[in-house]
Amino acid sequence: MGSFHSRSEEVQELADKTGFTSDQIEHLHRRFKQLSGDQPTIWNLRQAPGGLADEINFEDFLTIMSYFRPIEMDMDEEQLDRFRKEKLKFLFHMYDSDHDGKITLQEYRKVVEELLSGNPHLEKESARSIADGAMMEAASICVGQMEPDQVYEGITFEDFLKIWQGIDIETKMHVRFLNMETIPHCH
Amino acid sequence: MASHVLACLNLWSWLVLLVTLQCPFAAAYLDLPNNNATSAYEPGSHDATGSVQDERLHVFKVDYDSVQIPYEVTLWILLASLAKIGFHLYHRLPNLMPESCLLIAVGVLVGAIIFGTDHKSPPAMTTNIYFLYLLTPIILEEGYFMPTRPFFENFFSILWWSVLGSLVNAFGIGLSLYGICQIKVFGLTDVTLLQNLLFGSMISAVDPAAALAVLEEASANEQLYMMIFGESLLNDGITVVLYDIFIAFTQMHRYEDIEAVDVLAGFARFFVVGLGGVLFGVVFGMVSAFMTRFTQNISAIEPLLVFMFSYLSYLAAETLYISGILAMTACAVTMKKYVEENVSQNSYTTIKYFMKMLSSVSETLIFVFLGVSTVGKNHEWNWAFVSFTLLFCLIWRVLSVFALFSISNKFRTYPFTVKDQLIIAYSGLRGASSFSLAFLLPISLFPRKKMFITATIVIIYFTVFIQGITIGPLVKYLDVKKTNKKESINEEIHVRLMDHLKTGVEDVCGHWSHYQLRYKFKKFDNKCLKKILTREKEPKSSIVSLYKKMEIKQAIEMAESGMISSTAIPHCANYNNGLSPEEVESMRNMLAHNLYQVRQRTLSYNRHNLTTEASERQAKEILIRHQHSLKQTMRKGNSLPLGRMVPVPQAAAAHVAKPEKYLDVCTFICMEGDFPQNSGNGEERVNSRSATRRFLKQGLGEGGAPPLGFHLEASPGYPGVGESSSAPCLSIFSYRGGLTLQAVPNSFAVSSLMLTAGSARLGGGRSRTG
Chain Y
1 MGSFHSRSEE
11 VQELADKTGF
21 TSDQIEHLHR
31 RFKQLSGDQP
41 TIWNLRQAPG
51 GLADEINFED
61 FLTIMSYFRP
71 IEMDMDEEQL
81 DRFRKEKLKF
91 LFHMYDSDHD
101 GKITLQEYRK
111 VVEELLSGNP
121 HLEKESARSI
131 ADGAMMEAAS
141 ICVGQMEPDQ
151 VYEGITFEDF
161 LKIWQGIDIE
171 TKMHVRFLNM
181 ETIPHCH
Chain A
1 MASHVLACLN
11 LWSWLVLLVT
21 LQCPFAAAYL
31 DLPNNNATSA
41 YEPGSHDATG
51 SVQDERLHVF
61 KVDYDSVQIP
71 YEVTLWILLA
81 SLAKIGFHLY
91 HRLPNLMPES
101 CLLIAVGVLV
111 GAIIFGTDHK
121 SPPAMTTNIY
131 FLYLLTPIIL
141 EEGYFMPTRP
151 FFENFFSILW
161 WSVLGSLVNA
171 FGIGLSLYGI
181 CQIKVFGLTD
191 VTLLQNLLFG
201 SMISAVDPAA
211 ALAVLEEASA
221 NEQLYMMIFG
231 ESLLNDGITV
241 VLYDIFIAFT
251 QMHRYEDIEA
261 VDVLAGFARF
271 FVVGLGGVLF
281 GVVFGMVSAF
291 MTRFTQNISA
301 IEPLLVFMFS
311 YLSYLAAETL
321 YISGILAMTA
331 CAVTMKKYVE
341 ENVSQNSYTT
351 IKYFMKMLSS
361 VSETLIFVFL
371 GVSTVGKNHE
381 WNWAFVSFTL
391 LFCLIWRVLS
401 VFALFSISNK
411 FRTYPFTVKD
421 QLIIAYSGLR
431 GASSFSLAFL
441 LPISLFPRKK
451 MFITATIVII
461 YFTVFIQGIT
471 IGPLVKYLDV
481 KKTNKKESIN
491 EEIHVRLMDH
501 LKTGVEDVCG
511 HWSHYQLRYK
521 FKKFDNKCLK
531 KILTREKEPK
541 SSIVSLYKKM
551 EIKQAIEMAE
561 SGMISSTAIP
571 HCANYNNGLS
581 PEEVESMRNM
591 LAHNLYQVRQ
601 RTLSYNRHNL
611 TTEASERQAK
621 EILIRHQHSL
631 KQTMRKGNSL
641 PLGRMVPVPQ
651 AAAAHVAKPE
661 KYLDVCTFIC
671 MEGDFPQNSG
681 NGEERVNSRS
691 ATRRFLKQGL
701 GEGGAPPLGF
711 HLEASPGYPG
721 VGESSSAPCL
731 SIFSYRGGLT
741 LQAVPNSFAV
751 SSLMLTAGSA
761 RLGGGRSRTG
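In order, the protein sequences belong to chains Y and A.
Residue 30 in full-length UniProt numbering sits at position 30 of the first sequence; the count goes up by one each step and never skips.
Residue 183 in full-length UniProt numbering sits at position 183 of the second sequence; the count goes up by one each step and never skips.
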């Protein structure tokens, strides 16, 4: 976004959409400009398989960052729950690369392999077994006892929520935007 | 089972050793009266010549007097060390009680022996010995091992809490006790207001080493840890300042003479003393850092410089009646940063260990004196005073915590919950400082000194034993917000993923440049201070030296079998039955060992032990993996990537290699790959993935000329170099002056960015409730 024409309106719009305050939006905008070198978008150089965008503009940037907002003191139960769901949905998308709403074994394997990929000591086999084990565990949590011939399709979002039940995501998955200060520009 | 038996055997052998040590100990004391008796009759017996009696040349002679004090002190220290060994041998004990309990027990034992053998002149602690020799190592060690970043991030909260907390506690306890003293029934009416205030300030000196150990064990959150730590650090200084002020007041003869102007002067003095001390310390720290710049060739004196300058700062400050404690703390903090860059590896280790040793010795001695005083005749028991002191200590601590934190919570981004506050209130253990200050009260001004000592001792015993032992269970019970215990593989994977993701996003947003003040300081530091205070280095040598350091470490490691164990996990052939707990456990272990910890921010603090720094461990891990992947690269026939480095712009070099920063280390390993000579025209993606790593780090937001390229490892992952490895990391590099986000394969942060953006386009927009 080169120059804001009706700047405050646009900012207001964004603020409504993402839940940031206008100060925070200004800051993030400066950050964005820095990353993008004053161009309107940030390019993705990788020849990406489907599902990955070639570029993101500021609005997308903001939307993504809004997932990482910390919880506010005055949120009530329902809002907190919604917040949590959003964050978990975000994570869910990271696993579910083809966006069919389910994390299949393949996808899960891929994720675990990536997580462990840099370690030269670990063979792919082990990573696979871990993924398989994790999948099994998920199955047992979500479906309970399975028949021998029943196949577990994949982790749906509800199952995902179940797995995450005990874990505290609100305090972990946030970045403190609250007091972002000006970041000095490059000379 | 066998190990248990072995442990028991060890314990027994230690006990036997302890008993045998006691014999010469006791014997030494028993001998004394005899020696004194005989020497009384032979005044000239020590002279070689003038022996009046029928002295023959003795083949064996006992001369205890001349070595008495060092002898006994050494025996005490050895005894305490043996006790510590035994303490740690029996594994369950350290979990039950803090180490201070042990030290007090040793002290009581020694005291009992001294009392029992009716020792005429045991080594006693005087003001000089305490303030000049015993206190200083403890303060120095606290200052030196302070984790700076968390401290400064919470600086204002810590300052608010320690200063006001001490003041509130001191005055609160003092005034309440004065109120009690007025009641004639208790027989305390001769204790004046000033004496009570002084007592209040003494007794509010906190020594939460035990609490810290417990918190660290329970992996409590960093903020809580930092508050308690910071409080203990500043509390010593403040208490001593208050103590001095009150003694000065007491010495002004009459209560009635004290006018308002004196009180104001007292306030002003408080500030002058405090701030002056800090200033002093900083100056001395700078000077010593400057001197270490030139000590390349005589590295043996580096530890000496460090210690002597710190000590000198203390002494110089004391000369001017400024707080030596604060001076020394400030000196240690300032000095540490630059000295660590300058000194050699050996000196660095020496400094750390020596500091720990000295402080440990001091603490032991103080506790021994405490024990000696306990079993002695200098007590005056007064039910009312003692019990009310205890009561008020607890009440005022709780009050001050809740009052002060409710105010400071309004200004914090991370407010402290009631549970946190409860923990902080409960961690108000008293220790060596209170006792020493009580012991050193001048008897002329305090005719009821014994009563004060008794009260102090009772409080210390109570807090250390009862609170120290129960704080562990309390923390567990309250379930202070801590790092999640993962119980299933899924959780482990998910939480790790999220950590990585979050860190990546934090870096993309520039979270680390959070505080402008800190950023400004860093810039100033890099521009001026570092140039003056640290050694001249060639621009790349910090990387090289880091690399060399780690190579040495790794060579040592390789000689042992310390490399990361790749446990083979049982192959789960049978999926239908579910995973057995052992399999789950082994998988979790594998995950835990093979995934990096996301940046851990606080180093753990333990007065009695040195723990490896997380960054060291991580650096080591990185090195080992790097080496391994290098070998793989070489096997594949590629050219050896090491060694060639493109000259980096000076600005970028300034931000180079701080071993603490995981971020930087990642990048340096990466930087050691092949550099394209000129990536000015962009499409230099030779060898695909490695290309993304071949750029200079510029750090997010830290300026410099339009970069040749800049590369950032945003999310901690595997900085594997070479084709075979890929890592979850975010690579932002620029060419042609424009910045781009490159999603390195498996970059979680960026994948997610691109993904969500992509799904927005695909899915036709996301609503926020989606």
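Beta carbons are placed, not taken as given, at the ideal position from N, Cα and C, and that holds for glycine.
Under DSSP, T21 (chain Y) takes part in no beta bridge, so it has no partner. Fully contained in the segment 140 to 187 of chain A are the following alpha helix (DSSP H) runs of length 4 or more, in chain order: 148 to 153, 155 to 159, 165 to 182. Here N490 (chain A) is buried. Its C-beta has 16 or more other C-beta atoms within 10 Å. From the listed residues A:F435, A:F405, A:G431, the smallest Cα separation to L422 (chain A) is found for A:F405. Contact check for G143 (chain A) against T329 (chain A) passes: the beta carbons are separated by less than 8 Å.
Relative to Q24 (chain Y), the option among Y:L105, Y:M65, Y:N57 whose CA is nearest is Y:M65.
Within chain A, no residue has its CB atom less than 7 Å from the CB of V11 (chain Y), the nearest being about 17 Å off. Residue nearest to M451 (chain A) within the set A:F435, A:E141, A:T463, A:P98 is A:F435 (criterion: CA-CA distance). Note: T156 (chain Y) is bridge-paired with Y:K102 in the DSSP secondary-structure output. With a beta-carbon spacing of about 5 Å, V401 (chain A) and I424 (chain A) fall inside the 8 Å limit used to define contacts. Here the alpha carbons of I130 (chain Y) and R109 (chain Y) stand approximately 8 Å from one another. Here the C-alpha atom of V283 (chain A) lies approximately 24 Å from the C-alpha atom of L134 (chain A).
Around the beta-carbon of T189 (chain A), fewer than 16 other beta-carbon atoms lie within 10 Å, marking it exposed. For the 8 Å CB-CB criterion, L326 (chain A) and G428 (chain A) do not form a contact.
Judged by DSSP secondary structure, Q251 (chain A) falls outside any alpha helix (DSSP H); it is assigned neither H nor E. Among the residues of chain Y, those whose CB is under 9 Å from the CB of I493 (chain A) are Y108, V111, V112, L115, I130, A131, A134, following chain order.
By the beta-carbon neighbour count (other beta carbons within 10 angstroms, threshold 16), E78 (chain Y) is exposed. Taking 8 Å as the upper bound for CB-CB distance, L198 (chain A) and Y178 (chain A) are not in contact here, some 11 Å apart. V343 (chain A) carries a coil assignment under DSSP once its states are collapsed to helix, strand and coil. Take E341 (chain A), set aside five residues on each side of it, and the residues of its chain with a beta-carbon closer than 7 Å to its own are T534, in chain order. Within the segment 333 to 413 of chain A, the runs of alpha helix (DSSP H) that reach at least 4 residues and sit entirely inside it are, in chain order, 345 to 374, 383 to 408. Chain A has no Cβ within less than 8 Å of the Cβ of I103 (chain Y). I25 (chain Y) has a beta carbon lying at 8 Å or more from every beta carbon in chain A. The beta carbons of P123 (chain A) and G468 (chain A) sit no closer together than 8 Å. Three or more beta-carbon pairs separated by less than 8 Å link the segment 103 to 112 of chain A to the segment 369 to 389 of chain A, which places the two stretches in contact. F388 (chain A) is a Cβ neighbour of I180 (chain A), given a cutoff of 8 Å. The DSSP-derived three-state label of R7 (chain Y) is helix.
Between the alpha carbons of L242 (chain A) and F439 (chain A) lies a gap of roughly 16 Å. In summary, I443 (chain A) is exposed, with fewer than 16 beta-carbon neighbours lying within 10 Å of its beta-carbon over all protein chains present. Here the segment 221 to 235 of chain A does not lie against the segment 110 to 121 of chain A, with fewer than 3 beta-carbon pairs under 8 Å apart.
Per DSSP, the beta-bridge partners of V206 (chain A) are A:R430. Between L474 (chain A) and K419 (chain A), the beta carbon gap of about 10 Å keeps them out of contact (Cβ cut-off 8 Å). Put simply, the backbone Cα of D96 (chain Y) is about 5 Å away from that of I103 (chain Y).
For Y461 (chain A), the enclosing alpha helix (DSSP H) begins and ends at 449 to 461.
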